[in-house]
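*Asks:* Starting off with a structure, shown below.
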Amino acid sequence: MRRLLTFVAMILAVAGICAQKQGPVLTIEGGQVQGVSTDIKGVTVFRGIPFAAPPTGQNRWRAPQPVIPWEGVKICDTFGHPPFQAAHYPGGYTTEWGYGDEAPYSEDCLYLNVWTKKPGKTDAKLPVAIWIFGGGMREGWGSEPEFDGQEWANKDVVLVSFNYRVGPFGFFAHPEISAEDPEHATGNWGMLDQIEAMKWVRKNIEQFGGDPDNVMIFGQSAGSRSVKFLCSSPLTKGLFNKAVIMSGSGLVKPRGQQSQTKLAEAEQSIKEVMDWANLKTLSQMRNASTETIFALGTIYTQVTGKRSTLSQSPISPYIDNYTLPESFDNACLDGSLAQVPYLIGYTLNDAGNMGTQIVDFCLNREEMGGKAWAYQFARPLPDDGKHPEVTQRLRGAFHSSDLWFVFKSLKHCWRPWTQGDWDLSEKMLTAWSNFAKYSDPEGPNGGDWKPLTENNRLFMIFKLDENDKENSGLGNPLAK
């Protein structure tokens, strides 16, 4: 009898685990989905939800097409394909982030992921944060290990990450493509993917407990440049309510100089490459292999010695009078930039003159009647000496080092974190999630960290003291 009871108890325990792993079935665009549990009790993740049809074949270099419906319940336990890009080899950022477990790179990449505590609770009205990955718009994906969203969901924020087309599949202009749809001529397919993901959130996020009227977009590096472009685009009106710009500089051209490539220039540059490769018709270009299209820009430059838009790095979307009528800097100056609260900052060892440009942006927002909070991440990451291939390049508070802290995903990293690192991460995650909830990193009642203005040029500086204890505070990193 005792053995029988033990066996029954084991069966019930397994059944309980299975029940915990499977959440409610949700009905969204395309069909029904079911998420799985995470390491944090009560948090469910939905991995690999398609938000558009695969942008392959005749959909290559087209705006995202409606998602293809599926039969039955899709168990969302696996991330979708990252966008097609160069292979990643050990060393530098590749070892830092621990790549290796992702699905194969593919043009079929338009998938998103949702972390939430309230799946199926359509009246929960949780704030929503949409994460946009970086990588020069040539690489990266939304499910990298440092972007684990479960800690965000545990802060009662619905976190959405997604993939978008990068490289020559995401940013490719040609006269024949523009002739297909002259009214919406563009080469900014990756940007249209980002906007489509935002539209998907608008239409579906209530099923996951999210509030479509309380949405924050945020990104880092090229992801934050994407945020800047989205804030400059007329196509995003009504799709978000606040924005976070991480290590994407600020107001770069105070005099409003147009620095981005225009659509006609990109069309001509890329046409020259395609003609050189004897891919002269749109049908030939769309039927060419993924590998051919990916490699052509580099091969053309190596053989001819000429630069082209396809070999440009990092990539910048084109001024096309559709997705982007003008540059971010001009949008700041003429008042057309999205009038939402902004959180903007950089890391201590970021390249360039970001601090000054961030101040210029914040002052511009003040002039335009808006608000922008500024920060600096100043924690040099600890090193145990076991990864010289990483730390020869990535030292101090390097570009991207703050990602572990904003997502509180330190457990996925090899670095010898201290308790102070975990405390600092909690502080940063709280500030970012407060911004998503209340449009103020200090919370619903505000606090000492105020928007940067002409009379208050203070940044929040996230740091540890000499004893590796969390010791963040207000300061002016530009003061001499």
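Just so we're aligned, residue 65 is where the sequence shown starts under this note's numbering, counting upward by one. Ideal Cβ placement from N, Cα and C applies to all residues, glycine included. Because the structure is a prediction, the values reported are computed rather than measured.
1. Looking only at its chain, what residues have a beta carbon closer than 7 Å to the beta carbon of Gly-320, apart from the 5 residues adjacent to it on each side?
2. Roughly how many whole angstroms lie between the Cα atoms of Leu-528 and Ala-330?
3. Return the chain-ordered list of same chain residues with a C-beta closer than 6 Å to the C-beta of Gly-274, the five sequence neighbours on each side being excluded.
4. Does the beta-carbon of Ile-408 have 16 or more other beta-carbons within 10 angstroms, so that it is buried, or is it exposed?
5. Is it a yes or a no for the region 458–466 touching the region 425–435, going by three-plus beta-carbon pairs under 8 Å?
6. Go through its chain and collect everything with a Cβ distance to Tyr-163's Cβ below 7 Å, but skip five positions before and after it.
7. Compare the C-alpha of Ser-242 against each of Met-338, Trp-125, Gln-258 and Lys-263 and name the closest.
8. Where are the alpha helix (DSSP H) runs, 4 residues long or more, that stay fully inside the region 106–183, in chain order?
9. Enumerate in chain order the residues of its own chain whose CB-to-CB distance from Gly-287 is below 6 Å, with the five nearest sequence positions on each side excluded.
10. Does the region 252–263 come close enough to the region 228–243 that 3 or more CB-CB pairs lie under 8 Å?
11. Report yes or no: is there a C-beta of chain C within less than 8 Å of the C-beta of Gly-198?
12. If I follow the unbroken alpha helix (DSSP H) through Trp-205, where does it start and stop?
13. Within 10 Å of its beta-carbon, does Ile-132 have 16 or more other beta-carbons around it, so buried, or fewer, so exposed?
14. Would you tell me roughly how many angstroms separate the C-alpha atoms of Asp-203 and Phe-211, rounded to the nearest one?
15. Which same chain residues, not among the five before or five after Leu-401, have their C-beta less than 8 Å away from its C-beta?
16. Identify, in the order they occur along the chain, each residue of the same chain with its Cβ nearer than 6 Å to the Cβ of Glu-240, setting aside the five sequence neighbours on each side.
17. Assuming Lys-181 and Gly-106 are in contact, meaning their beta carbons sit under 8 Å apart, how far apart are those beta carbons, in whole angstroms?
18. Closer than 8 Å is the cut-off here; do at least three beta carbon pairs connect the region 171–185 with the region 105–120?
19. How many whole angstroms separate the CB atoms of Ala-438 and Cys-426, which I take to be in contact at a CB cut-off of 8 Å?
20. Spatial neighbours of Phe-71 within its chain, please: CB distance less than 6 Å, with the 5 preceding and 5 following residues excluded, ordered by chain position.
21. For the alpha helix (DSSP H) containing Ser-288, name the first residue and the last one.
22. Cα-Cα, which of Ser-207, Thr-411, Pro-381 and Thr-158 is closest to Glu-453?
23. By a C-beta neighbour count over all protein chains shown, 10 Å radius and 16 as the cutoff for buried, is Lys-475 buried or exposed?
24. Using beta-carbon positions only, say whether Gly-312 and Val-291 come within less than 8 Å of one another.
25. Is the region 404–423 close to the region 373–387, with three or more CB pairs under 8 Å?
26. Could you tell me if Met-338 is buried or exposed, where buried requires 16 or more neighbouring beta carbons within 10 angstroms of its beta carbon?
27. Spatial neighbours of Gly-460 within its chain, please: C-beta separation below 6 Å, excluding the five flanking residues on both sides.
28. Determine which residues share a DSSP beta bridge with Gly-507 and list them.
29. Three-state secondary structure (DSSP) at Lys-472?
30. Let me make sure I understand the geometry here. Which of Trp-481, Thr-325 and Ala-307 has the alpha-carbon closest to that of Trp-496?
31. Helix, strand or coil for Gly-312? Go by DSSP, reduced to three states.
32. Taking only three categories from DSSP, how would you classify Lys-306?
33. How big is the Cα-Cα spacing for Leu-424 and Trp-134?
34. Counting Cβ pairs closer than 8 Å, one from the region 135–149 and one from the region 168–176, do we hit at least three?
35. Please report how far the alpha carbon of Arg-457 lies from the alpha carbon of Leu-538, in whole angstroms.
36. Which ranges would you report for the alpha helix (DSSP H) in the region 425–462 if only whole runs of at least 4 residues count?
*Replies:* Looking at the atomic coordinates:
1. Note that Gly-320 scores 48 on pLDDT, short of 50, meaning its location in the model is unreliable; the coordinates nonetheless yield the value given after this. Taken in chain order, the residues that qualify are Asp-393, Asn-394 and Leu-397.
2. 46 Å
3. Excluding sequence neighbours, Gly-274 sits near Leu-190, Val-192 and Val-222.
4. buried
5. no
6. His-152.
7. Selected option, being the one with the closest Cα: Trp-125.
8. As summarised for the region 106–183, the continuous alpha helix (DSSP H) elements at least 4 residues long and confined to that stretch are 157–161, given in chain order.
9. Ile-196, Phe-197 and Gly-198
10. yes
11. The question asks about chain C, but that chain is absent: this structure has only one protein chain.
12. Segment: none, Trp-205 is in no alpha helix (DSSP H) and carries neither H nor E.
13. exposed
14. Sequence inspection shows Glu at residue 203; the Asp mentioned does not correspond to that position. Straight-line Cα distance between these residues: approximately 15 Å.
15. Cys-295, Ser-296, Phe-392, Ala-395 and Met-432
16. The beta carbon of Glu-240 sits closer than 6 Å to the beta carbons of Leu-346 from its chain, once the five residues preceding and following it are set aside; these are given in chain order.
17. Between the beta-carbon of Lys-181 and that of Gly-106 there is about 5 Å, and that keeps the pair under the 8 Å contact cut.
18. yes
19. 6 Å
20. Bear in mind that a pLDDT of 44 at Phe-71, under 50, signals an unreliable position, so the number given afterwards is only what the model happens to contain. Within the same chain, no residue comes within 6 Å of Phe-71 by CB-CB distance, once the 5 residues on both sides are set aside.
21. 286–296
22. Sorting Ser-207, Thr-411, Pro-381 and Thr-158 by C-alpha distance to the C-alpha of Glu-453 places Thr-158 at the top.
23. exposed
24. yes
25. With a cut-off of 8 Å, the region 373–387 and the region 404–423 do not count as touching, because too few Cβ pairs lie within range.
26. buried
27. Asn-413 and Pro-444
28. DSSP lists no partner for Gly-507.
29. coil
30. Ala-307
31. coil
32. It is a strand residue.
33. Looking at the sequence shown, residue 424 is not Leu but Asp. Approximately 49 Å, taken between the alpha carbons.
34. yes
35. 29 Å
36. 452–455
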